[in-house]
Amino acid sequence: MKIKSLLCGLASLPSLFFTALACADEGAKTPVNTTAIIMFLLFVLVTLGITYWAARRTKTTADFYAAGGGITGFQNGLAIAGDYMSAASFLGIAGLVYTSGFDGLIYAIGFLVGWPLVLLLIAEPLRNLGKYTFADVASFRLQQKPIRILAASGSLVTVIFYLIAQLVGAGKLIEVLFGLPYESAVIIVGVLMTLYVTFGGMLATTWVQLIKAVLLLSGASLIAFLVMSNFGFSFENMFAEAVKIHSKASAIMAPIAQKPDAVSAVSAISLGIALMFGTAGLPHILMRFFTVKDAVQARRSVFYATGFIGYFYVLTFIIGFGAIVLLAGNSHYFSDGKLIGGTNMAAIHLAHALGGDLLLGFISAVAFATILAVVSGLTLAGSSAISHDLYSTLVLKGERNEKKEIRASRIATICLGIIAVLLGIVFEKQNVAYMVGLAFCVAASANFPILLLSMYWRKLTTRGAVIGGAIGLLTALVLVVLGPTVWVDAFHYEKAIFPFKNPAIFSVSIAFISIWLFSSLDKSASAKAEEAAFDAQFVRSQTGIGISEAAEH
Amino acid sequence: MTPEQIRQLPEYAELIRVRKKIVWPLSIAMISAYFALIFVIAFSPASLATPISAGVTSVGITLGLGMIVLCFIITGIYVYYANHVIEPLTRNIAQKAGAK
Chain A
610 MKIKSLLCGL ASLPSLFFTA LACADEGAKT PVNTTAIIMF LLFVLVTLGI
660 TYWAARRTKT TADFYAAGGG ITGFQNGLAI AGDYMSAASF LGIAGLVYTS
710 GFDGLIYAIG FLVGWPLVLL LIAEPLRNLG KYTFADVASF RLQQKPIRIL
760 AASGSLVTVI FYLIAQLVGA GKLIEVLFGL PYESAVIIVG VLMTLYVTFG
810 GMLATTWVQL IKAVLLLSGA SLIAFLVMSN FGFSFENMFA EAVKIHSKAS
860 AIMAPIAQKP DAVSAVSAIS LGIALMFGTA GLPHILMRFF TVKDAVQARR
910 SVFYATGFIG YFYVLTFIIG FGAIVLLAGN SHYFSDGKLI GGTNMAAIHL
960 AHALGGDLLL GFISAVAFAT ILAVVSGLTL AGSSAISHDL YSTLVLKGER
1010 NEKKEIRASR IATICLGIIA VLLGIVFEKQ NVAYMVGLAF CVAASANFPI
1060 LLLSMYWRKL TTRGAVIGGA IGLLTALVLV VLGPTVWVDA FHYEKAIFPF
1110 KNPAIFSVSI AFISIWLFSS LDKSASAKAE EAAFDAQFVR SQTGIGISEA
1160 AEH
Chain B
3 MTPEQIRQLP EYAELIRVRK KIVWPLSIAM ISAYFALIFV IAFSPASLAT
53 PISAGVTSVG ITLGLGMIVL CFIITGIYVY YANHVIEPLT RNIAQKAGAK
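Chains as they are written, first to last, in my numbering: chain A, 610 to 1162; chain B, 3 to 102.
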């Protein structure tokens, strides 16, 4: 039945795509790019083929959530990079470098600096203690029910905000690149991600991410290589040309805000906290560590992932600077002195300037593939939080039932897919730029403190984790809503109640302090038992002994 | 072997000691390097605009790209150390724990 409905999906997809194309002809803003569409259809065909193959290998919960644990460290490192490097960060950071130079670089660095911490503090103990989700680790010695509800809430909030940001970005991007109407673009992305995850589970998701990572890294490498060849492979030459041409001149070599006030200084530090610690609390990233055999492979995964991600950000930096110099003065890419399609299109226009329609088509298809890989990872993380953390503890009450749990996760995937598409359409006209920041902020304020303290702090109790984690989660949400990005930009009030764009400096501190406070005040018998269970947990987190039995039960 | 027995092994004490010795200094180095840069951006952005030599490449751009290199170096050091120092100890403990 599974295979049959997959085939139906396969059969209906091209027709959906072409209907969408036919609609696009009427009110298209951009000419339809044939190379891009052929390359994209090729990607879809290959990935659906992989999904078909993966579907026949996805039978147990271990297959569905963790690809049976059979991914190697190198593959997982590449897949993590594919899960993490979004089209938003590729086009957005290149665009930011194009407009502001140095400030774009700082943003890119923020997305990278969390990775060494994931390697040093999180990856190995996470793999040694958990099975499929980070809630497994947080609830290892604490009470299952309250901890899993809290961890699943943190995961779902992170996933939903991240997903909305990606889908709205995807819709707008595809509208410009392929000349498809916004709604069709969001629906195509939603249908494909649901197919990948529902049928192929983690195995299909992993391969989609792997292929995408290879495509994105090679496409970006090629553009960066062509850019550098224009400057005799010298950064100094490139910067010198850019400073000569850019309207902000040498200001692009340093922070644009040369006299920041206290509010923007605190916001900058706060954003730094959210990015650095949020990376270690992203559920779709944490989940990837359970696809490898053991802690050694988990360590290897982060090593490769950090390398690929850092390399990728160096490429986007070069691409942004290349766009400053190589697009300048070419009327083909500007209308009224502005870049056509907005500054986020800098990398796309640069591809055309360097390699004509062929490279433009390739990069457009890669951008589409990139979106699919990221939203699939997010959807899988969201549905695992629902089925593995909520459904299996609340409905199955810990009773082990593989069939029911897998069915629940498939239903959850389809529901999440529908919800994501609807939200994507609802938020079309909204400013969603803050949503990735919000996702990182929630991850840093709720998921990260609970995870870190459950692994390293003996005195953490269920009460402390639940109350403190919930306070962190709510503080992050409330302060973002009251802050300038939502209160002023989205709700159009005159003045924000909370002045800072990013609340992480407050919400992360409040989370840690309240977890500490409520754990320390907890004198219950269960708190003593949880403290006593720490030593055994720590032995396992450090040595991995006991991990194989865990995979059995 | 029970976790309590493993805890009594001299190799386990050694494992915890060597891991602490590498994990905390590297984490603190990473966090302080990043926030040092963020603080300079927040409170003294002008100092980042100075060119490093006769050209246009600024201190800021150099420090920024240096931060990416630092991430590579820190992950590299840890992975090298983990493979050569931590891993033999973990294997040793696993062997002892499995043998009894």
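We put the CB at the ideal spot given by N, CA and C, even for glycine.
| task | Report the residue from A:823, A:1156, A:1107, A:1140 whose alpha carbon sits nearest the alpha carbon of residue 873 of chain A. | result | A:1107
| query | When you compare each of B:65, B:45, B:44, B:43 to residue 1 of chain B by their alpha carbons, which one comes out closest? | reply | The structure shown does not extend to residue 1 of chain B, since chain B is modelled only from 3 to 102, so the question has no answer here.
| Three-state class that DSSP yields for residue 748 of chain A in the structure shown | coil
| residue 930 of chain A and residue 851 of chain A look like a contact to me (Cβ under 8 Å); what is the Cβ gap, rounded to whole Å? | 5 Å
| message | Output needed for residue 935 of chain A: all residues of its chain with C-beta closer than 8 Å, excluding positions within five of it in sequence on either side, in chain order. | response | 836, 839, 959, 962, 963
| request: Answer with yes or no whether the minimum CB distance from residue 728 of chain A to chain B is below 8 Å. | output: yes
| Proximity of residue 649 of chain A and residue 979 of chain A at Cβ, strictly below 8 Å | For residue 649 of chain A and residue 979 of chain A, no; Cβs fall outside 8 Å.
| field | Cβ separation of residue 756 of chain A and residue 1071 of chain A, assumed to be a contact under 8 Å, to the nearest whole Å | value | Their Cβ separation, rounded to whole angstroms, is 6 Å, which keeps residue 756 of chain A and residue 1071 of chain A in contact under 8 Å.
| Roughly how far, in whole angstroms, is the beta-carbon of residue 1081 of chain A from the beta-carbon of residue 1042 of chain A, given that I think they are within contact range, below 8 Å? | Going by Cβ atoms, the distance from residue 1081 of chain A to residue 1042 of chain A rounds to 23 Å, so no, they are not a contact pair.
| Length-filtered (4 minimum) alpha helix (DSSP H) runs lying within the stretch 821-888 of chain A | Counting only runs of 4 or more, we get 844-854, 871-887.
| Considering only residues of the same chain and omitting the five flanking positions on each side of residue 1040 of chain A, which have a CB-CB separation below 7 Å? | Contacts found: 1098, 1099.
| query | Since residue 917 of chain A and residue 686 of chain A are thought to touch, with beta carbons under 8 Å apart, how far apart are those beta carbons, to the nearest angstrom? | reply | 7 Å
| Thinking C-alpha only, which one of A:866, A:1133, A:957 is nearest residue 975 of chain A? | A:957
| residue 702 of chain A vs residue 925 of chain A beta-carbon contact at 8 Å | Cβ atoms of residue 702 of chain A and residue 925 of chain A: closer than 8 Å.
| message | Once DSSP output is grouped into helix, strand and coil, what is the label at residue 631 of chain A? | response | With a pLDDT of 40 at residue 631 of chain A, under the threshold of 50, the modelled position of that residue is not reliable, and the figure given next carries that caveat. DSSP places residue 631 of chain A in helix when its eight states are reduced to three.
| Contacting residues, own chain, Cβ-Cβ under 6 Å from residue 676 of chain A (five flanking each side not counted) | 811, 812, 815, 900
| request: Name, please, each residue of chain B whose Cβ falls closer than 7 Å to the Cβ of residue 908 of chain A. | output: 81, 84
| Name the chain B residues that come within less than 9 Å of residue 869 of chain A, Cβ to Cβ? | Neighbours of residue 869 of chain A in chain B, taken as residues whose beta carbon is under 9 Å from its own, are 43, 44, 45, 47 in chain order.
| Selected residue, minimal CA-CA separation from residue 965 of chain A, among A:795, A:862, A:1036, A:832 | A:832
| said: Would you say residue 19 of chain B lies against chain A (beta-carbon separation less than 8 Å)? | reply: no
| From A:662, A:716, A:769, pick the residue whose C-alpha is nearest to that of residue 43 of chain B; which is it? | A:716
| field | DSSP three-state assignment for residue 23 of chain B, whether helix, strand or coil | value | helix
| Since residue 1114 of chain A and residue 875 of chain A are thought to touch, with beta carbons under 8 Å apart, how far apart are those beta carbons, to the nearest angstrom? | Right, their Cβ atoms sit about 7 Å apart.
| residue 916 of chain A lies in the alpha helix (DSSP H); which residues open and close that run? | 904-936 is the extent of the alpha helix (DSSP H) around residue 916 of chain A.
| If you compare alpha carbons, which of A:1077, A:1133, A:795, A:908 is closest to residue 81 of chain B? | A:908
| message | I want to see whether chain A comes within less than 8 Å of residue 51 of chain B, judged by CB atoms only; does it? | response | yes
| task | Could you tell me how far apart the beta carbons of residue 826 of chain A and residue 921 of chain A are, in whole angstroms, since I believe they sit closer than 8 Å? | result | Yes, they are in contact, since the Cβ atoms of residue 826 of chain A and residue 921 of chain A sit about 6 Å apart, within 8 Å.
| Whose C-beta lies closer than 7 Å to the C-beta of residue 891 of chain A among residues of the same chain, with five residues either side of it excluded? | Excluding residues within five positions, the ones whose Cβ falls inside 7 Å are 767, 1052.
| query | What alpha helix (DSSP H) runs, 4 residues minimum, are completely inside the stretch 1125-1158 of chain A? | reply | 1134-1141, 1143-1152
| request: Measure how close the beta-carbons of residue 726 of chain A and residue 885 of chain A come, nearest whole angstrom, since I'm counting them as under 8 Å. | output: 7 Å
| message | Can you check whether the C-beta of residue 89 of chain B is within less than 8 Å of a C-beta belonging to chain A? | response | yes
| query | Roughly how far, in whole angstroms, is the beta-carbon of residue 1059 of chain A from the beta-carbon of residue 1021 of chain A, given that I think they are within contact range, below 8 Å? | reply | Actually they are not in contact, since the Cβ atoms of residue 1059 of chain A and residue 1021 of chain A sit about 22 Å apart, beyond 8 Å.
| DSSP state of residue 54 of chain B mapped onto helix, strand, coil | coil
| task | Determine, using beta carbons only, whether residue 872 of chain A comes closer than 8 Å to chain B. | result | no
| request: Can you grab the Cα-Cα spacing for the pair residue 981 of chain A / residue 1027 of chain A, in whole Å? | output: Spanning the two alpha carbons is a distance of roughly 15 Å.
| message | Under 7 Å, CB to CB, which of the residues in the stretch 869-898 of chain A have a partner in chain B? | response | 869, 874, 877, 878, 881, 885
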